[in-house]
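Worksheet: one structure, shown below.
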Amino acid sequence: MNDRWLTVVAGALRAPDGRWLMHRRPLEKHHGGLWEFPGGKVEPYEIPVDSLVRELREELGIDICKQDCKPIAFAEERVSAGRPPIVILLYKIGAWQGVPVALEGGDVGWFTPKEIDRLDKPPLDYELVARVFAED
Ligand SMILES: Nc1nc2c([nH]c(=O)n2[C@@H]2O[C@H](COP(=O)(O)OP(=O)(O)OP(=O)(O)O)[C@@H](O)[C@H]2O)c(=O)[nH]1
708 MNDRWLTVVA GALRAPDGRW LMHRRPLEKH HGGLWEFPGG KVEPYEIPVD SLVRELREEL
768 GIDICKQDCK PIAFAEERVS AGRPPIVILL YKIGAWQGVP VALEGGDVGW FTPKEIDRLD
828 KPPLDYELVA RVFAED
């Protein structure tokens with residue numbers, strides 16, 4: 708970790724019916740109101756998968772095991788005016804315990820890949836979605 712770029716981890720949760728979980732960011736935050744994969748910033752003392760476990764517990768109230776987190780895609784900003792560029796690491800989450808709810812504001816919803824295509828998302832999520840759902 709350094710202050711030149713921001714490492715963000717996010718999880719792709721797929722329900723048995725084929726819908727995926729998306730999180731709508733609180734309006735007052737950066738990218739407010741946009742739909743993204745749930746997650747957050749990697750802290751300097753963490754390895755990424757540990758951040759993912761922590762973030763999904765804090766943000767959604769669910770428990771996941773590191774063994775159930777499979778790296779599936781990453782995307783990166785090349786330039787970002789006034790803020791460090793984001794590098795986002797996306798994991799597919801094979802199993803979780805609990806029912807995801809938006810504990811830190813915003814909203815959550817389960818969507819088909821077609822519905823997710825139509826959601827307003829941060830720029831990097833258009834890339835991630837294209838990669839993840841190409842194999843779905
Ligand atoms: N969690 C998540 N963040 C994303 C995605 N795509 C994307 O551009 N981002 C951006 O990455 C940054 C992550 O910051 P965050 O605010 O969610 O992280 P955090 O919960 O640790 O932050 P906080 O401590 O400020 O609440 C935001 O600018 C967010 O918009 C995504 O799919 N998931």
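Residue numbers for the sequence shown follow my numbering, so the first one is 708 and each next one is one higher. Backbone N, C-alpha and C fix where the C-beta goes; we use that ideal spot for every residue, glycine too.
- Restricting attention to alpha helix (DSSP H) runs no shorter than 4 residues, the stretch 779-820 encloses none.
- When C-beta atoms of the stretch 805-815 are compared with those of the stretch 780-794, fewer than three pairs fall below 8 Å, so the two segments do not count as touching.
- Around the CB of residue 739, fewer than 16 other CB atoms lie within 10 Å, so the residue is classed as exposed.
- Taking 7 Å as the cut-off, the C-beta of residue 800 does not count as close to any heavy atom of ligand 1.
- Assignment of residue 759 by DSSP, reduced to helix, strand and coil, places it in the helix class.
- Residue range 830-841 is occupied by the alpha helix (DSSP H) that includes residue 836.
- For residue 828, the number of other beta carbons within 10 angstroms of its own is at least 16, and it is reported as buried.
- Shown here, residue 736 sits in coil according to DSSP, grouped into three states, outside any helix or strand.
- By the neighbour-count definition (other C-beta atoms within 10 Å, threshold 16), residue 715 is a buried residue.
- Excluding sequence positions up to five before and after residue 805, its CB lies within less than 8 Å of the CB of 767, 768, 769, 770, all in the same chain and listed in chain order.
- Inter-segment contact for the stretch 779-786 and the stretch 748-768 is absent: fewer than three beta-carbon pairs are separated by less than 8 Å.
- If you check the C-beta of residue 715 against ligand 1, you find a heavy atom less than 7 Å away.
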